[in-house]
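Engineer: Number 52 in the numbering used here belongs to position 34 of the sequence shown; there are no gaps in the numbering.
Every residue gets a Cβ at the ideal spot worked out from N, C-alpha and C, and that includes glycine.
Computed from a prediction, not measured in an experiment: that's the story for all the values here.
Got a structure for you, questions after.
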Amino acid sequence: MMRVAVFAAMVALLAGCATPESRVRSALMNVGLSRPMATCMADRMADRLSLAQLNRLGDLGEFEGRDPGDISINQFVDMTRALRDPEIIGVTTSSGAICAIRS
Numbered sequence: 019m020m021r022v023a024v025f026a027a028m029v030a031l032l033a034g035c036a037t038p039e040s041r042v043r044s045a046l047m048n049v050g051l052s053r054p055m056a057t058c059m060a061d062r063m064a065d066r067l068s069l070a071q072l073n074r075l076g077d078l079g080e081f082e083g084r085d086p087g088d089i090s091i092n093q094f095v096d097m098t099r100a101l102r103d104p105e106i107i108g109v110t111t112s113s114g115a116i117c118a119i120r121s
């Protein structure tokens, strides 16, 4: 029982140390983008969006639980339009286009 508590505390501590890029990548994969696309986009998005904007992307939680690769970048951009933030939409669109070409 004590080992489980210690392990849970360590996981919670390490989760707090996650970089913005890794959190964004995980969130993008959780809404259904493939790992390579999520990795590429997360680097760009974390550099170009504020923490408040990245948190707003978390508002897309209703789309969570999909398997990586379930949606296309076009579908994801359509999802972000619901946030009505031109900068988020612009960064998402440009990141998706650049990352799609690189893949």
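Quick check on the DSSP output: what are the complete alpha helix (DSSP H) runs of length 4 or more inside the segment 70-108, in order along the chain?
Structural biologist: Taking only runs of at least 4 residues, the alpha helix (DSSP H) segments lying wholly in the segment 70-108 are 91-98.
Engineer: What are the boundary residues of the alpha helix (DSSP H) that includes Ser40?
Structural biologist: For Ser40, the enclosing alpha helix (DSSP H) has its first and last residue at 38-48.
Engineer: With a threshold of 6 angstroms on Cβ separation, who are the neighbours of Thr110 within its own chain once the five nearest residues in sequence on each side are excluded?
Structural biologist: Val95, Thr98
Engineer: Which of the three DSSP states, helix, strand or coil, is assigned to Ser68?
Structural biologist: coil
Engineer: Please return the same chain residues whose Cβ sits closer than 7 angstroms to the Cβ of Gln71, not counting the five positions on each side in sequence.
Structural biologist: Around Gln71: Asp103, Glu105, Ile106.
Engineer: For Val42 and Leu78, which I take to be in contact (beta-carbon distance under 8 angstroms), what is that distance rounded to the nearest angstrom?
Structural biologist: So it is not a contact: roughly 12 angstroms between Cβ atoms.
Engineer: Which residue's Cα is closest to the Cα of Leu51: Leu101, Gly108, Gly83?
Structural biologist: The option with the nearest alpha carbon to Leu51 is Gly83.
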